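Protein chains in written order, with the working numbering: chain A, 1495 to 1752; chain B, 1495 to 1752.
There are 2 protein chains.
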Amino acid sequence: MRSPDDLRGAVEEYLGGLELSPELGRLDEVVRYALDGGGKRLRPVLCLATAEAAGADPDRALHAAAALELVHSFSLVHDDLPALDDDDERRGRPTVHVRFGEAQAILGGDALLNEAFALALRDPRPEVARELALATSGMIGGQYLDVNGGSRNRRELNRLKTGRLFEASVACGLWVAEMPAEMQAPWRAFGAGYGFLFQLVDDLVDGDGLATELGAEGLGRLAEQTHAETKAHLDAVDADTAVLGVLLDELAARAQKS
Amino acid sequence: MRSPDDLRGAVEEYLGGLELSPELGRLDEVVRYALDGGGKRLRPVLCLATAEAAGADPDRALHAAAALELVHSFSLVHDDLPALDDDDERRGRPTVHVRFGEAQAILGGDALLNEAFALALRDPRPEVARELALATSGMIGGQYLDVNGGSRNRRELNRLKTGRLFEASVACGLWVAEMPAEMQAPWRAFGAGYGFLFQLVDDLVDGDGLATELGAEGLGRLAEQTHAETKAHLDAVDADTAVLGVLLDELAARAQKS
């Protein structure tokens, strides 16, 4: 089993050598700037670790893993735009529209989404790209709810905007390992739980979202409970899921540190 | 062989009954507004007619055909945005961002692109979705050139921004008919020629683009020549391409009327 750091290294190497469509021309620079933002690559690492736990060589999941990161990056670039969240900074750097202009950020986000499909379609199993399209619908629907004051139901919003892509990260690893749909349920429940915990931790660290609704203590308890439930889904799987367990614990540890 | 009007009717019926991802929620309305703009459905009709000429039941190409129309629609919604072409009207109606707001137009365009892939992936042949991704890269690259004053080479810009999706419309019909890649060249040349003629006619009707560069008369001659060359590509194909010939002649006739 390859360690989380080893898998992260494989993702960085793949993304660093990524060949984009030449017809994108100089938009290439915008796409790479968006991808090089120093993210933790949680989604692609989750995909590779799942593929390995489900019996595949994780390198076979690299196209799918990178595609997931590109979809994530697309969503950040568009969500940061002035008409949406209007954010000037992300991880200590100017956001794409601040650095390159709004037109470039719109087109760069479009290119990221499209290249994500081009990558996912390098995988011989069309289920990978189908999974990506389903998750992306959910993400866009979630962002729409967010922009239009749909925060009355913050859990549904989080499930769509954040959770769907984490679940898809696990599912894409399963498709690469050629696991039949009818055996995927506990794995997918783990992915959904991981995504929910991610959002809880994020709210806890930032002191917004559900932290406002439940208070830091209430949110901390919910995170602990979600951690335990998600671990139980993983234990229900008949496979060596040690690395996935480490990834889940790393995430939960961020909550305790905050 | 089904007539162009019959094929157009099949496209309208399919689009009218299109089931979008339920997770898009009320963004559904934005997507449908963009799709209901009264376009001529040239790309999907070209796809269906090609599929039939290449030996397939054109109904089998409906997913692919609709996917092409959604990609076209995505590009219009984003290109009309204030940061890009800043257009307030399209075909006599307010553009999407004028009608629904800028955030909705950005997210609605994203949804159209993503749903296009979801549709293309309903086809069992992943080549359809791959073709779509390739063409869309070209379109986005072309729009980038356009926004960034790349009009020094207007033919290259047109080839990317307009031509690539017409060529893909033909190619998707061929993939549905399961035509091997090595037999596709003359068909693809027809598709590229059709796309080039489309842009020439558009410039002639609007009096811009190449009309400014070549004058109406020069542009008219280029359109005639392109019409003849494109027809020759079609004649090189060993199949009943009568309906494709009619579609090409209908397009050329628009130039003569202008």
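Beta carbons: idealized from backbone N, C-alpha and C, even for Gly. Note that the structure is a prediction, hence the values are computed from the model and not measured.
Checklist entry - Which residues does DSSP pair with residue 1583(A) in a beta bridge? => result Residue 1583(A) is bridged by DSSP to 1588(A).
Checklist entry - What whole-angstrom Cβ distance do residue 1638(B) and residue 1521(A) have, given they're in contact under 8 Å? => result Between residue 1521(A) and residue 1638(B) the Cβ distance is about 5 Å, and since that is below 8 Å, they are a contact.
Item to check | residue 1750(A) versus 1694(A), 1676(A) and 1622(A), residue with shortest Cα-Cα distance | outcome: Distance check between residue 1750(A) and each of 1694(A), 1676(A) and 1622(A) places 1694(A) closest, using alpha-carbon atoms only.
Item to check | chain B within 8 Å of residue 1720(A), Cβ atoms only | outcome: Taking a beta-carbon distance threshold of 8 Å, residue 1720(A) does not count as an interface residue toward chain B.
Item to check | Proximal residues, the stretch 1632-1659 of chain B versus chain A, C-beta separation under 9 Å | outcome: Flagged, chain order: 1632, 1633, 1634, 1635, 1636, 1637, 1638, 1639, 1641, 1642, 1644, 1654 and 1658.
Next on the checklist: Taking the alpha-carbon of residue 1650(A) as reference, which of 1508(B), 1507(B), 1517(B) and 1734(B) has the nearest alpha-carbon?
Outcome noted: For the residues 1508(B), 1507(B), 1517(B) and 1734(B), the minimum Cα distance to residue 1650(A) belongs to 1517(B).
Next on the checklist: Short of 6 Å in beta carbon distance, which residues of its chain neighbour residue 1663(A), apart from the five on each side in sequence? Order them along the chain.
Outcome noted: In chain order, 1537, 1540, 1541 and 1562 place their CB closer than 6 Å to the CB of residue 1663(A), counting only its own chain and leaving out the 5 sequence neighbours on each side.
Next on the checklist: According to DSSP, is residue 1567(A) part of a helix, a strand, or is it coil?
Outcome noted: Residue 1567(A): helix per DSSP, three-state reduction.
Checklist entry - Is DSSP giving residue 1724(A) helix, strand or coil here? => result Assignment of residue 1724(A) by DSSP, reduced to helix, strand and coil, places it in the helix class.
Next on the checklist: Could you check whether the Cβ of residue 1567(B) sits closer than 8 Å to any Cβ belonging to chain A?
Outcome noted: Using a Cβ-Cβ cut-off of 8 Å, residue 1567(B) does not count as an interface residue toward chain A, since no Cβ of chain A sits closer than that to its own.
Checklist entry - Can you round the beta-carbon distance between residue 1543(B) and residue 1501(B) to whole angstroms, since I take them to be within the 8 Å contact cut? => result Their Cβ separation, rounded to whole angstroms, is 6 Å, which keeps residue 1543(B) and residue 1501(B) in contact under 8 Å.
Checklist entry - If you compare alpha carbons, which of 1570(B), 1655(B) and 1609(B) is closest to residue 1590(B)? => result Selected option, being the one with the closest Cα: 1570(B).
Next on the checklist: For residue 1498(B) and residue 1741(B), which I take to be in contact (beta-carbon distance under 8 Å), what is that distance rounded to the nearest angstrom?
Outcome noted: Contact between residue 1498(B) and residue 1741(B) is confirmed by a C-beta separation of about 6 Å, below the 8 Å threshold.
Next on the checklist: Could you tell me which whole alpha helix (DSSP H) segments of length 4 or greater appear in the stretch 1588-1629 of chain A?
Outcome noted: Taking only runs of at least 4 residues, the alpha helix (DSSP H) segments lying wholly in the stretch 1588-1629 of chain A are 1590-1594 and 1596-1614.
Checklist entry - Are the C-beta atoms of residue 1506(B) and some chain A residue less than 8 Å apart? => result Among the residues facing chain A, residue 1506(B) is not included, as its CB has no counterpart in that chain under 8 Å away.
Checklist entry - In the stretch 1729-1748 of chain A, which residues sit with their C-beta less than 7 Å from some C-beta in chain B, listed in chain order? => result Along the stretch 1729-1748 of chain A, there is no position whose C-beta sits under 7 Å from a C-beta of chain B.
Checklist entry - Where does residue 1546(B) land, buried or exposed, given buried means 16+ other C-beta within 10 angstroms? => result Residue 1546(B) sits buried, since 16 or more C-beta atoms from the chains shown fall within 10 Å of its C-beta.
Next on the checklist: Determine, for residue 1526(B), whether the minimum Cβ-Cβ distance to residues of chain A falls below 8 Å.
Outcome noted: At a cut-off of 8 Å, the C-beta of residue 1526(B) has no neighbouring C-beta in chain A.
Item to check | Contacts that residue 1572(B) makes with chain A (C-beta to C-beta distance below 9 Å) | outcome: Within 9 Å of the CB of residue 1572(B), the CB atoms of chain A belong to 1600, 1601 and 1604, in sequence order along the chain.
Checklist entry - Where are the beta strand (DSSP E) runs, 3 residues long or more, that stay fully inside the stretch 1669-1719 of chain A, in chain order? => result None, since the stretch 1669-1719 of chain A contains no complete beta strand (DSSP E) of that length.
Next on the checklist: Suppose the cutoff is 8 Å on Cβ atoms and the five residues either side in sequence are ignored; what does the same chain contact list for residue 1611(A) look like?
Outcome noted: The answer, listed in chain order, is 1561, 1623, 1626 and 1627.
Item to check | For residue 1733(A) and residue 1632(A), the rounded distance between their alpha carbons | outcome: Distance between the alpha carbons of residue 1632(A) and residue 1733(A): 29 Å.
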